[in-house]
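Here is the structure we will look at, set down as structure tokens.
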Amino acid sequence: MIADSPLYQGMRAKLTAHLREKGIFDENVLQAMQTMPRHYFVPFSLIAYAYEDQALPIACQQTISQPYTVAHQSTLLSVKPNMKILEIGTGSGYQSAILKTMGAMVYTIERHRQLYEETKQLFSTLKLNIATKLGDGYAGWAEFAPFDRIIVTCGAATLPEKLLTQLKTGGIMICPVGEKTQEMTKIIKIDDKNFETTTHGDCYFVPMLSKIEHQSH
Ligand code: SAH
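Printed below as a string of structure tokens:
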């Protein structure tokens, strides 16, 4: 891993200024993105691009989300310290690390064994106390439910409704919903039967797929 340095801190300051210009106003989100090095989470060969506002390829044909997308989803989530947050789609671990830096208790599920193992190791190296699970995110994580917040970081063809049963009353779930491209969807759980749904622009995520994938790529 390449240590953090004033050079990288400067690149992050430019990135957060850019995010501010694009309409990100949540100071806690911007502060977390200034604090947590993104270059820890991208493949070694792509470190030069870590502070560009773009998604980058990671193992298993997946991607680390674009910084703007991480900022947008984290803002929509209205994170408060000590909230219990479930993430579906661990991937590189960057989104989890941002939520952890914001003071949340983070539980994250990944279906690719290789990504699950590599990212779990990275969290341990970085001393980030984040709970990881190899599993199918469609099933959620009943053992630790209910959650204050749920964030889905892969594109679901249709809303994964089962996850809403693991959300607290008054809780928020953010999920990209759609086939080829998705709409960023925010669901507030009013009570067990009533939900308030709003959409927040188009986005593009790798697909949410069922079943654990054991092969390495
Ligand atoms: N939050 C990640 C985004 C990674 S891309 C980051 O910041 O890097 C989305 C991830 O969702 C991929 O790693 C993919 O394997 C995973 N994924 C897709 N469907 C899933 C499912 N049903 N359960 C768990 N993870 C899933």
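Residues -12 to 204 (my numbering) make up the sequence shown, in order.
Backbone N, C-alpha and C fix where the C-beta goes; we use that ideal spot for every residue, glycine too.
Just to check, is the beta-carbon of L17 closer than 8 Å to a non-hydrogen atom of the ligand SAH? It does not: the Cβ of L17 is nowhere closer than 8 Å to a heavy atom of the ligand SAH.
Using 9 Å as the threshold, is the C-beta distance between G90 and P68 below it? Contact flag set, yes.
Please give the ranges of any beta strand (DSSP E) in the segment 22 to 109, keeping only runs that are unbroken, at least 3 residues long and fully inside the region. Here the runs fully enclosed are 71 to 75, 92 to 97.
Endpoints, the alpha helix (DSSP H) within which M(-2) is located: In the DSSP assignment, M(-2) falls within the unbroken alpha helix (DSSP H) covering -7 to 8.
In angstroms, rounded to a whole number, what distance separates the CA positions of F12 and A(-10)? For the pair F12 and A(-10), the Cα-to-Cα distance works out to about 29 Å.
CB-CB under 6 Å to A19, same chain, minus the five flanking residues each way: which ones, in chain order? The beta carbon of A19 sits closer than 6 Å to those of I85, T88, M89, all from its chain and outside the five residues before and after it, given in chain order.
Going straight from the alpha carbon of Q169 to that of G188, what length do you get? Cα to Cα, the separation comes out at about 8 Å.
Could you tell me how far apart the beta carbons of I174 and L63 are, in whole angstroms, since I believe they sit closer than 8 Å? The beta-carbon separation of I174 and L63, rounded to 10 Å, does not stay under the 8 Å limit for a contact.
Whole angstroms are fine: how far does the CA of A35 sit from the CA of I137? Roughly 31 Å separates the two Cα atoms.
Any 3 or more C-beta pairs closer than 8 Å across the segment 184 to 204 and the segment 138 to 145: As far as the Cβ criterion goes, the segment 184 to 204 touches the segment 138 to 145, which means the pair count is three or higher.
Using only alpha-carbon positions, find the residue among H26, G78, K71, R25 that is nearest to T50. Nearest option by C-alpha distance: G78.
Among G157, F110, I117, H26, whose alpha-carbon lies nearest the alpha-carbon of T184? The option with the nearest alpha carbon to T184 is G157.
Q202 (DSSP reduced to helix, strand or coil): Coil at Q202, not helix or strand.
Would you list the residues sitting across from E183 in a DSSP beta bridge? Here E183 is bridged, per DSSP, to I175.
For a minimum of 4 consecutive residues, which ranges assigned as the alpha helix (DSSP H) are wholly contained in the segment 111 to 148? Secondary structure within the segment 111 to 148: not one fully enclosed alpha helix (DSSP H) run of 4 or more consecutive residues is present.
Same chain only: Cβ atoms within 7 Å of L121, ignoring 5 sequence neighbours per side: The residues are E97, R100, Y103, I199.
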